[in-house]
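**Q**
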Amino acid sequence: MSVGETVETEPSRRRPGRAIRFALILIAVLLLLFGVPWFLLLFSGNAWPLPARVLGTIVFALVLVTFPLLMFAGHGRHHRDGPAVIADTTLGVVWQLFVWSLLGQILTGVLWVSGVDGPARYRIATVAILVVALVLLLWGYAEARRIPRVRRVEVTVPRLGRGLDGLRLVLLTDTHYGPIERSRWSRRVTEVVNTLDADVVAHTGDIADGEVAQRRSQAAPLGDIRASMARVYVTGNHEYFSGAQRWVEHMASLGWEALHNRHVVVSRGGDSLVVAGVDDRTAAGSGVPGHHADHEAALAGADPSLPVLLLAHQPAQIAGAVAHGIDLQISGHTHGGQMWPFHYLVLTDQPALQGLSRHSERTQLYTSRGTGFWGPPFRIFAPSEITLLTLRAG
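Residues in the sequence shown are numbered from 16 upward in steps of one, following the numbering used here.
#1: For Leu153, which residues from the same chain have a beta carbon less than 8 Å from its beta carbon, with the 5 sequence-adjacent residues on both sides left out?
#2: Out of curiosity, what's the CA-to-CA distance linking Arg107 and Val280?
#3: Is there contact between the stretch 365-373 and the stretch 325-333, where contact requires at least three CB pairs shorter than 8 Å?
#4: To which residues does DSSP link Gly238 through a beta bridge?
#5: Using 10 angstroms around the beta-carbon of Ile35, count the other beta-carbons present and answer buried if the total reaches 16, otherwise exposed.
#6: Alpha carbon to alpha carbon, how far is Leu79 from Glu400? Give it in angstroms, no decimals.
#7: Could you give the residue range of the beta strand (DSSP E) that holds Asp286?
#8: If you draw a straight line from the C-alpha of Gly387 to the C-alpha of Val74, how long is it?
#9: Are there 16 or more other CB atoms within 10 angstroms of the CB of Ile222, so buried, or fewer, so exposed?
#10: Note down the Cα distance separating Gly335 from Asn209, rounded to an integer number of angstroms.
#11: Which residues does DSSP pair with Tyr192 in a beta bridge?
#12: Measuring alpha carbon to alpha carbon, tell me which residue in Ala298, Gly285, Asp309, Gly300 is nearest Ala291.
#13: So which of His90, Pro52, Leu65, His94 has the shortest CA-CA distance to Ala76?
#14: Please classify Val146 as buried or exposed, where buried requires at least 16 neighbouring CB atoms within 10 angstroms.
#15: Across which residues does DSSP place Gly408 in a beta bridge pair?
#16: How is Ser27 classed by DSSP in three states: helix, strand or coil?
#17: Which word fits Tyr137, buried or exposed, when buried means at least 16 other C-beta atoms lie within 10 angstroms of its C-beta?
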């Protein structure tokens, strides 16, 4: 393992105590996620008629019981698409109800100060919560399903040679081809990328949720992406739920360089750039033979005087990049939070949410908000992107 890695070096082993803790945490989270909107929308001073409360309680209880069953059926070993779509959509809806039920209490306080009596003020707040949640879900669905906008960013890399000044790097990440069929969307993304005149196109993982055989048609347009110098790919954490080695081999069959702890060198005008890649930080604990993030292997044989571009799925892998003197790491994984205010939870695990950030005198990190979406088909205050990075010599 390389310096700076903080992940497991051996596959995790199931232990009864760990399983019990996981089950208890899951139950607590589900009760909180469903219980808060259930109580605040039905019982907190609204004085709804008893039949309405009973009916609402039955609906919440049925959804609460069926949700984890659908989630495990959809995202378990067999990746059943029907249950996955229902469970993912349910997760997005209940998350918005949970968030806005809590924020709606601010409106209740404002109405109280304004002299609005209960239960009228609670009913007004409830209607406002439902309207806001519905509008955001409809907008978020449209944002998730749209073709991503191109985000153009210039990055100065001081060690980059003048011959490579202006190198155009297109970054795709977190396409998450999954239970919602998106072959047409994938073709449109390829069409956009091919208008950008890329020198290098990089995909930093989480290609799909599902095995190659299930998502082959959605991933097929990746084979038509054009780049004058290189097309490069590294694994994300979701590949390790979906046959990581088969995805590495499939990307190679589509003509992409799978940077499985290795590098390539691109050159122009007498100057060169090392383009390296490491496996996702969860790879070592996945049990997939030969998979783990290894910066030393990725850089083995590279000229240390050359600048290095590193593909690593998670921003949290930046510590290894700093330790190995990487010039620029490009990552995804965060989805920019995907559904506000999940942004703030992401930042408890990752050093950056999106955009360009500096982590040492030499090392910079660019974090994409992602090209697709995972799970809930919603993007709320976290738009997707196809990133065009133009590298500038110092």
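Ideal Cβ placement from N, Cα and C applies to all residues, glycine included.
**A** In brief:
#1: Excluding five sequence positions before and after Leu153, none of the CB atoms of its chain fall closer than 8 Å to its own CB.
#2: A quick correction: the sequence has Gly, not Arg, at residue 107. Straight-line Cα distance between these residues: approximately 42 Å.
#3: yes
#4: According to DSSP, Gly238 bridges with nothing at all.
#5: exposed
#6: 33 Å
#7: 286-292 is the span of the beta strand (DSSP E), which, as asked, contains Asp286.
#8: 31 Å
#9: buried
#10: 32 Å
#11: Ala223
#12: It is Asp309.
#13: Pro52
#14: exposed
#15: Note that residue 408 is Ala in the sequence shown here, rather than Gly. For Ala408, which the question treats as bridged, DSSP gives the partners Val172.
#16: Reliability of the predicted coordinates at Ser27 is poor, the pLDDT of 45 falling under 50, and the value obtained from them is presented with this limitation in mind. If DSSP states are grouped into helix, strand and coil, Ser27 belongs with coil.
#17: buried
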